[in-house]
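Trainee: For the sequence shown, full-length UniProt numbering gives the first residue as 1, with consecutive numbering after it.
Note that the Cβ used here is the ideal one computed from N, Cα and C, for glycine as well.
I have a structure I would like to understand better, so I am pasting it below and will then ask my questions one at a time.
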Amino acid sequence: MCRHLAYLGPPVTLRELLFDPPYSLVRQSWAPRDMRGGGTINADGFGVGWYPGDGEPVRYRRSQPIWSDPTIAQLAQVTSAGAVLAAVRSATVGMAVLDGAAAPFAEGRWLFSHNGVVRGWPDSMVPLAATLPVRDLLTLDAATDSALVWALVRHRLRAGVKPARAVAETVTAVSGAAPGSRLNLLLTDGRTVVASVAGHALSIRATPASVLLASEPHDDDPGWQAVPEGQLVEATATQVRVRALAEV
1 MCRHLAYLGP PVTLRELLFD PPYSLVRQSW APRDMRGGGT INADGFGVGW
51 YPGDGEPVRY RRSQPIWSDP TIAQLAQVTS AGAVLAAVRS ATVGMAVLDG
101 AAAPFAEGRW LFSHNGVVRG WPDSMVPLAA TLPVRDLLTL DAATDSALVW
151 ALVRHRLRAG VKPARAVAET VTAVSGAAPG SRLNLLLTDG RTVVASVAGH
201 ALSIRATPAS VLLASEPHDD DPGWQAVPEG QLVEATATQV RVRALAEV
């Protein structure tokens with residue numbers, strides 16, 4: 001079912017986000033606390049994207065478990081950023097396990113992650129896939145539900161749709177085509193984060209200077225707040241707005 005997080009705020013090391021907390025994303029790869037029936041571990045790949053400056057993000061993705069890759073542990077010690085999106089993956093049965101299937105997906109400044117599953121894949125998504133340019137379908141990062149959901153969000157962004165609406169419209173469209181899907185999405189350009197809560201958990205920890213959104217709280221800080229089902233979050237490092245998906 002995957003686990004993911006997004007951070008905006010003063011620069012921190014990747015190690016502080018991914019490795020150091022007691023219930024860190026690395027720990028969630030082998031001992032998640034809230035999978036909600038979507039598997040038991042998240043060992044089918046991982047990815048991290050971060051913004052080293054005002055330009056486009058850098059990504060590191062692998063198809064192996066995050067705990068088995070010494071390179072990310074070394075990178076995390078020496079890499080700092082004020083905007084990060086990271087995920088660990090639990091692949092749906094029958095879907096590819098390869099580097100390109102791991103979030104974050106990217107284009108330009110955008111990074112994207114999907115925590116969930118599209119029911120009835122691939123047949124349920126044929127009508128929505130038909131609305132995309134053929135080139136987009138031929139160049140998907142992987143033949144997975146998450147990659148197609150990203151293509152649907154990206155298509156709206158390219159058309160000038162605002163990020164919050166692009167996410168909300170995609171969740172609505174996919175939910176209509178594939179009822180019962182779990183569609184917790186994360187989208188960031190390094191300045192703002194948009195997140196949907198549709199079928200799975202999301203929590204927020206905000207301070208006056210930072211915001212962290214995560215599938216699971218990575219520590220026992222009382223500042224964590226669970227986001228209710230059916231909500232959409234828009235956040236910067238200093239502001240958080242939560243409203244119903246249907247209101248976007």
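Quick one: which unbroken beta strand (DSSP E) runs of 3-plus residues sit fully inside the segment 14–78? Chain order, please.
Mentor: Correct list: 46–50 and 58–62.
Trainee: Checking 9 Å against the spacing of the C-beta atoms, do Ala-102 and Gly-190 come in under that value?
Mentor: Start at 1 with the first residue of the sequence shown, and residue 102 comes out as number 102. Start at 1 with the first residue of the sequence shown, and residue 190 comes out as number 190. Going by C-beta atoms, Ala-102 is not nearer than 9 Å to Gly-190.
Trainee: Rounded to the nearest angstrom, what separates Pro-57 and Ala-81 at their Cα positions?
Mentor: Translated into the one-based positions of the sequence shown, residue 57 becomes position 57. Translated into the one-based positions of the sequence shown, residue 81 becomes position 81. Cα to Cα, the separation comes out at about 10 Å.
Trainee: Give the DSSP bridge partners of Val-193, in chain order.
Mentor: Indexing the sequence shown from 1 puts residue 193 at position 193. The partner list for Val-193 (beta bridge, DSSP) reads Thr-188 and Ala-235.
Trainee: Report the rounded CA-to-CA distance for His-4 versus Ala-177, giving the unit in angstroms.
Mentor: Position 4 of the sequence shown, counted from the first residue, corresponds to residue 4. Position 177 of the sequence shown, counted from the first residue, corresponds to residue 177. About 24 Å.
Trainee: My output table needs one value for Ser-175: the three-state DSSP class, helix, strand or coil.
Mentor: As a first step, residue 175 is located in the sequence shown; it is residue number 175 there, counting from the start. Three-state result, Ser-175: helix.
Trainee: If you check the beta carbons only, do Ala-235 and Ala-206 fall under 9 Å apart?
Mentor: Here the question's residue 235 lines up with position 235 in the sequence shown. Here the question's residue 206 lines up with position 206 in the sequence shown. A contact, by the Cβ cut-off of 9 Å.
Trainee: Here's the rule: buried if 16 or more other CB atoms are within 10 angstroms of the residue's CB, otherwise exposed. What is Leu-138?
Mentor: Stepping through the sequence shown from its first residue, residue 138 is reached at position 138. Burial call: exposed.
Trainee: If you draw a straight line from the C-alpha of Ala-96 to the C-alpha of Ser-146, how long is it?
Mentor: Translated into positions along the sequence shown, residue 96 becomes position 96. Translated into positions along the sequence shown, residue 146 becomes position 146. Cα to Cα, the separation comes out at about 11 Å.
Trainee: Just to confirm the assignment, what range does the beta strand (DSSP E) spanning His-114 have?
Mentor: Here the question's residue 114 lines up with position 114 in the sequence shown. 110–117 is the span of the beta strand (DSSP E), which, as asked, contains His-114.
Trainee: May I have the straight-line CA-CA distance separating Gly-108 from Pro-222, to the nearest angstrom?
Mentor: On the sequence shown, residue 108 is found 108 positions in, with the first residue counted as 1. On the sequence shown, residue 222 is found 222 positions in, with the first residue counted as 1. Going from the Cα of Gly-108 to the Cα of Pro-222 covers about 36 Å.
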